[in-house]
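Residue numbers (the working numbering), protein chains in the order written: chain B, 1 to 205; chain C, 1 to 205; chain V, 1 to 205; chain A, 1 to 205.
Here's the structure, in structure tokens; my notes come after.
Number of protein chains: 4
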Amino acid sequence: MKNFKPHYKTVKDARTVRTRQALRSALLQLLESRPLADITILDICDLAEVGYTTYFRHHPTKESLLDDVAAEEIAHLVGLTLPLAEAANTLTAGVALFTYVDAHRELWSTLLTGGAEGAMRNEFLRISREIAATRGREDHWPPADLVTILVVSSTIELLSWWLRQKKPLSIEQMADIHERIIIHPAIHMERIPAPRTVRRPQKKK
Amino acid sequence: MKNFKPHYKTVKDARTVRTRQALRSALLQLLESRPLADITILDICDLAEVGYTTYFRHHPTKESLLDDVAAEEIAHLVGLTLPLAEAANTLTAGVALFTYVDAHRELWSTLLTGGAEGAMRNEFLRISREIAATRGREDHWPPADLVTILVVSSTIELLSWWLRQKKPLSIEQMADIHERIIIHPAIHMERIPAPRTVRRPQKKK
Amino acid sequence: MKNFKPHYKTVKDARTVRTRQALRSALLQLLESRPLADITILDICDLAEVGYTTYFRHHPTKESLLDDVAAEEIAHLVGLTLPLAEAANTLTAGVALFTYVDAHRELWSTLLTGGAEGAMRNEFLRISREIAATRGREDHWPPADLVTILVVSSTIELLSWWLRQKKPLSIEQMADIHERIIIHPAIHMERIPAPRTVRRPQKKK
Amino acid sequence: MKNFKPHYKTVKDARTVRTRQALRSALLQLLESRPLADITILDICDLAEVGYTTYFRHHPTKESLLDDVAAEEIAHLVGLTLPLAEAANTLTAGVALFTYVDAHRELWSTLLTGGAEGAMRNEFLRISREIAATRGREDHWPPADLVTILVVSSTIELLSWWLRQKKPLSIEQMADIHERIIIHPAIHMERIPAPRTVRRPQKKK
DNA sequence: CTCTAATCGAGACGGTACGTCGCGTCTTACG
DNA sequence: CGTAAGACGCGACGTACCGTCTCGATTAGAG
Chain B
1 MKNFKPHYKT VKDARTVRTR QALRSALLQL LESRPLADIT ILDICDLAEV
51 GYTTYFRHHP TKESLLDDVA AEEIAHLVGL TLPLAEAANT LTAGVALFTY
101 VDAHRELWST LLTGGAEGAM RNEFLRISRE IAATRGREDH WPPADLVTIL
151 VVSSTIELLS WWLRQKKPLS IEQMADIHER IIIHPAIHME RIPAPRTVRR
201 PQKKK
Chain C
1 MKNFKPHYKT VKDARTVRTR QALRSALLQL LESRPLADIT ILDICDLAEV
51 GYTTYFRHHP TKESLLDDVA AEEIAHLVGL TLPLAEAANT LTAGVALFTY
101 VDAHRELWST LLTGGAEGAM RNEFLRISRE IAATRGREDH WPPADLVTIL
151 VVSSTIELLS WWLRQKKPLS IEQMADIHER IIIHPAIHME RIPAPRTVRR
201 PQKKK
Chain V
1 MKNFKPHYKT VKDARTVRTR QALRSALLQL LESRPLADIT ILDICDLAEV
51 GYTTYFRHHP TKESLLDDVA AEEIAHLVGL TLPLAEAANT LTAGVALFTY
101 VDAHRELWST LLTGGAEGAM RNEFLRISRE IAATRGREDH WPPADLVTIL
151 VVSSTIELLS WWLRQKKPLS IEQMADIHER IIIHPAIHME RIPAPRTVRR
201 PQKKK
Chain A
1 MKNFKPHYKT VKDARTVRTR QALRSALLQL LESRPLADIT ILDICDLAEV
51 GYTTYFRHHP TKESLLDDVA AEEIAHLVGL TLPLAEAANT LTAGVALFTY
101 VDAHRELWST LLTGGAEGAM RNEFLRISRE IAATRGREDH WPPADLVTIL
151 VVSSTIELLS WWLRQKKPLS IEQMADIHER IIIHPAIHME RIPAPRTVRR
201 PQKKK
């Protein structure tokens, strides 16, 4: 697509709102049946009862719509779990996370195992970095952005695995694993002094 | 593609070998400039100086060739690092891993940050599971396959991050991080008793 | 377009008149730069500073506006030249015709060489037939409608050719050619008896 | 269409020949039922049993195919009538012309009244000019190219009219009209000295 | 060393999906 | 409370790439 214009001066036009919502719903519904790559823009339009041309008036690509969906769903999730994480107890936040995902198991199965993982991860990372950026900015070891990436990626993998299970573990079990294998090591690494050999710059290149 | 015949009676025919190698090299070279999605089968053929038709005599899809490449490179890597991991000292194995990747920084940058990560991760997981399956198969906590997934995914993310850095950390630093934040928690989780509330089956569904 | 309402109760509303005139002018101006097929209704509206929706309140299609323009211009031309033709001297009428077109060379170049020839010819023929229908209606040989078509078409071709020339002939030369090669043969044919073999009906079909 | 390549090194490939012929036939057949503007490239492909994409491997536009058809049919016609016109007797050539058209009445009705007149006229003019260019090149009066245009246009109009009639005149009648009203005046004009006022260059512009 | 079978190159083709353009309708925000 | 901006549906267009297919030309490797 060339010169895509974000479109629509007024995002308040009822028709615009309706169309965008219809597209999001349609994509989500289709993702339940097959991966993104096997979904046609036309499929989405047909299901959403939106004209094919109109699709492009809102999104330049298929991925763009997926990002839209991802952003919306992640915003919901973050809105619920972040306050708890801020509060104090990471374990409580973990429980909240798994509880929320469990309550929308269908949706998140779709999002994390339906070929949309990439978009979800990127959106998660984007938001996580935004949040992390507001925190204290001292020198971390290991580097803060690395820790963010590892925590987020691992958490997504963990969720993904959970949702794939036929007989999934309980929320408490998951929160426990999450805490022990992901959160705890990450947090404590930050307090452990770097090995003696560190900060020596990379030799080659 | 229907009825794809993997390829050729004799895999030893000199022409066959030459063609396959040319395709692999061409793909790798192209991956240095742009992601897989932006590479055409025709691009590969042109660069490899292989007929378009011939491509399909070797690979049913673009992904198939990528898997081929991935498998080959991963086999190299595993061949080098696995023996060490078997031996005893995980830290030594880690150093070997990062040393190897560092020695082929170009190649692995391409493979892990050039839009081919998905294929690489899948191939890594496939091989890891094969290896894990040969080990003792008692009841692990957390589940062994989950641990495998988390370790492999995190390691790939870690490598990925390392390769993206303009001023990368030293091999020792990376091996240290890898050991502390990925390997150690995973191994020790296996020895920590599950929380008291566990094994209560998931309520819904 | 369904149920197109020609336009507006009052054709006298000042706004209506202004809009229609603006559209005509805009189309004429655009025709100077490119053929009709390459002109968009939106182009016309933008130039005329008329709302896109409004266009359709006046004209159902692009051609409709062109017909409007054509009819208006042809009416001017016919109003000037017809009286002379009625009078007696066809040569005088011819001079009048070429004089008029020469005086509006820009306009008629646009109309006859700008991809609008079809519409112009049709409108010309329509009017010519109306006029011819008021004349005596004896049996002509060759058939009167055929003569009308040939005279009108040839005249338009002649004008078209004239307007395309970089160094056009003089008005008198054109009138002379017109008279000799188009008007005179047509008129005199009407008085020449049909060949002996005529009126034998067509064999096949 | 951008950078359209005339395609196909070898115009001898059996498939190429078959496809091109199928397209021509399909267009002709469709033109019998509706004007060119109402025919879709897809319509043509469906009827010709040719892939939509393949169409564009042969023709950049719908008009291109029409030109192809026109050129072929006109070549047939010219091949038959030209020798006679060369010989001597223009009337004989006229009879040949009308005889040929009458023998392929369906086809020529389609070509001349099916919205394809423009293309036919252009192709006719192109060929006529080529032929005229081989003739003696003295100064004609009126200009030779003008005479060519008028003769060709009028002839096409005459044919067009003939083909539209429910009870068409006989071939001899048509040849007679053609001779008297088109050919004879054109030929004799060429021998008549220009009016005294001529050759005075156009005043304005 | 030859002959025979397999591989290769060229490229026409059908097909699916993509984006784009322009038309004509219809809703709705805004004055 | 009407009207003009503009969102929309639609049909067609032209493109890109895929995967299939035929047809020769070439080349390897087995006898």
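Glycine is no exception: its CB is placed at the ideal position from the N, C-alpha and C atoms.
- Using a Cβ-Cβ cut-off of 7 Å, Ala186 of chain V is close to Ile181 of chain A, given in chain order.
- One thing to note: Leu66 of chain C has its Cβ no nearer than 8 Å to the Cβ of Leu112 of chain C.
- Excluding residues up to 5 positions away in sequence, Leu84 lie with their Cβ nearer than 6 Å to the Cβ of Thr92 of chain A in the same chain.
- Leaving aside the five residues that flank Ala119 of chain C on each side, the residues in its chain whose CB is nearer than 7 Å to its CB run, in chain order, Glu63, Leu66, Asp67 and Ala70.
- Neighbours of Ile149 of chain A in chain V, taken as residues at a C-beta separation under 8 Å, are given in chain order as Glu157 and Trp161.
- Residues Thr19 of the same chain have their beta carbon placed closer than 7 Å to that of Thr54 of chain A, with the five preceding and five following residues left out of the count.
- Of all residues in the region 107-133 of chain V, only Gly118 come within less than 8 Å of chain A when Cβ atoms are compared, listed by chain position.
- Listed along chain C, no residue sits closer than 9 Å to Ile39 of chain B by beta-carbon distance, the nearest being about 16 Å off.
- Straight through space, the alpha carbons of Val50 of chain B and Arg129 of chain V are spaced by roughly 50 Å.
- With fewer than 16 other Cβ atoms from the protein chains shown falling within 10 Å of its own Cβ, Arg135 of chain C counts as exposed.
- With contacts defined as CB atoms closer than 8 Å, Phe124 of chain V and Ala175 of chain V fail to qualify as a contacting pair.
- Here Val147 of chain A is buried, its C-beta having at least 16 other C-beta atoms within 10 Å.
- Taking 8 Å as the cut-off between beta carbons, none of the residues of the region 56-75 of chain B comes near chain C.
- Under a 10 Å Cβ-count criterion, Gly79 of chain A is classified as exposed, with fewer than 16 other Cβ atoms of the shown protein chains found around its own Cβ.
- Proximity of Leu146 of chain A to chain V, defined by a Cβ-Cβ separation below 8 Å, is satisfied.
- In terms of beta-carbon proximity, Pro142 of chain V lines the interface with chain A, with at least one pair separated by less than 8 Å.
- Restricted to the region 34-115 of chain C, the alpha helix (DSSP H) segments that are unbroken, complete and at least 4 residues in length are 41-48, 52-58, 62-87, 90-103 and 105-113, listed in chain order.
- A straight line joining the alpha-carbon of Asp102 of chain A with that of Ala22 of chain A spans about 25 Å.
- The beta carbon of Ile44 of chain V does not come within 8 Å of any beta carbon belonging to chain A, so the residue lies off that interface.
- Measuring C-alpha to C-alpha distances from Ala26 of chain B to each of B:Thr16, B:Ile39, B:Arg15 and B:Ala14 identifies B:Ile39 as the nearest.
- Contacts with chain C at 8 Å (Cβ-Cβ) include Ser154 of chain B.
- Where Arg121 of chain B is concerned, the enclosing alpha helix (DSSP H) starts and stops at Glu117 to Thr134.
- At the C-beta level, Ile181 of chain A and Leu150 of chain V come within 8 Å of one another.
- In this structure, Ala144 of chain B sits near Ala132 of chain B, with a CB-CB distance shorter than 8 Å.
- In the three-state reduction of the DSSP assignment, Glu32 of chain V falls in the coil class.
- Burial state of Ser153 of chain C is buried, judged by a 10 Å Cβ sphere holding 16 or more other Cβ atoms.
- Around the beta carbon of Thr61 of chain B, a 10 Å sphere encloses fewer than 16 other beta carbons of the protein chains shown; the residue is thus reported as exposed.
- Ranked by how close their Cα comes to the Cα of Arg105 of chain A, the residues A:Ser160, A:Leu42, A:Asp13 and A:Pro185 have A:Ser160 in first place.
- Of the residues B:His58, B:Lys12 and B:Leu107, the one whose Cα lies closest to the Cα of Gln29 of chain B is B:Leu107.
- Nearest C-alpha to Arg24 of chain A among A:Ser33, A:His59, A:Asp13 and A:Pro35: A:His59.
- In the DSSP assignment, Ile156 of chain V falls within the unbroken alpha helix (DSSP H) covering Ala144 to Arg164.
- With 16 or more other CB atoms across the displayed protein chains lying within 10 angstroms of its CB, Gln173 of chain C is buried.
- A straight-line Cα-Cα distance of about 26 Å links Ala96 of chain A and Ile187 of chain V.
- A distance below 8 Å separates the beta carbons of Thr90 of chain A and Ile183 of chain A.
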